[in-house]
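First up is the structure itself, then whatever we jot down about it.
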Amino acid sequence: MMLAAARRGLTPTQKGLARRAFPTIVNGVDFETIAREWRCKWSVDNEKKSLEELQKVLDANAGTLKSMNGVKSVQRIVCGGCQDFKVITALSVAEYKAWAEGGHAPESEFLDAMKKIDGVSAVETQTYTIEPV
Numbered sequence: 773m774m775l776a777a778a779r780r781g782l783t784p785t786q787k788g789l790a791r792r793a794f795p796t797i798v799n800g801v802d803f804e805t806i807a808r809e810w811r812c813k814w815s816v817d818n819e820k821k822s823l824e825e826l827q828k829v830l831d832a833n834a835g836t837l838k839s840m841n842g843v844k845s846v847q848r849i850v851c852g853g854c855q856d857f858k859v860i861t862a863l864s865v866a867e868y869k870a871w872a873e874g875g876h877a878p879e880s881e882f883l884d885a886m887k888k889i890d891g892v893s894a895v896e897t898q899t900y901t902i903e904p905v
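Numbering follows this note's numbering, in which position 1 of the sequence shown is assigned residue number 773; successive positions increment by one, without gaps.
See the structure below:
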């Protein structure tokens, strides 16, 4: 089998991935997980009160995010140097598509809550693939 795969220009690993039918961006860049990121900037003013309030918003929504069909992980990233606050929800490709068609709920409510916090700015979203290496 290794020779047959090599003759077709695929490594055994690539051949195995192709059988699993994961989406491919370009040759060798396959993925099975799509992540949605909600992010903003927080302020160091008022003893970093905006960061504290952002964490409360996440705490109030973490259970909902973790219980969605196909969720692989929910992660929080905080950078004290550049004041980034990010929430990343990763799902299988099939389940992500369903979540996206439903508007990424509870995204709009989550983003609205972020925007209401004094000291929070640059509220944004981004979608990308994410894979362990």
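Glycine included, each C-beta is placed from N, C-alpha and C at the ideal position.
Every unbroken beta strand (DSSP E) within the stretch 838-894, with a cutoff of 3 residues, ordered by chain
843-851, 856-864
Short of 7 Å in beta carbon distance, which residues of its chain neighbour residue 836, apart from the five on each side in sequence? Order them along the chain.
Counting from one through the sequence shown, the residue named residue 836 turns up at place 64. The answer, listed in chain order, is 878.
State the CB to CB distance for the pair residue 859 and residue 810, rounded to an integer number of angstroms; the pair is presumed to be in contact (CB under 8 Å).
For the purposes of this step, residue 859 is taken as residue 87 along the sequence shown, with counting starting at 1. For the purposes of this step, residue 810 is taken as residue 38 along the sequence shown, with counting starting at 1. Indeed, because the Cβ distance is near 5 Å, the residues count as touching under 8 Å.
With distances taken Cα to Cα, identify the nearest neighbour of residue 821 among 804, 857, 833, 808.
By one-based count along the sequence shown, residue 821 stands at place 49. The residue with the shortest Cα to Cα distance from residue 821 is 857.
For residue 785, count the other beta carbons within 10 Å of its own beta carbon; 16 or more makes it buried, fewer makes it exposed. Which is it?
Residue numbering aside, residue 785 sits at position 13 when the sequence shown is read from its first letter. Here the model assigns residue 785 a pLDDT of 44, short of 50, so the residue's position is not dependable, and the following value carries that caveat. With fewer than 16 Cβ atoms within 10 Å of its Cβ, residue 785 is classed as exposed.
Can you tell me whether residue 808 is buried or exposed? The criterion is at least 16 other CB atoms within 10 Å of its CB, across all chains shown.
In the sequence shown, residue 808 corresponds to position 36, counting from 1. Per the 10 Å Cβ criterion, buried.
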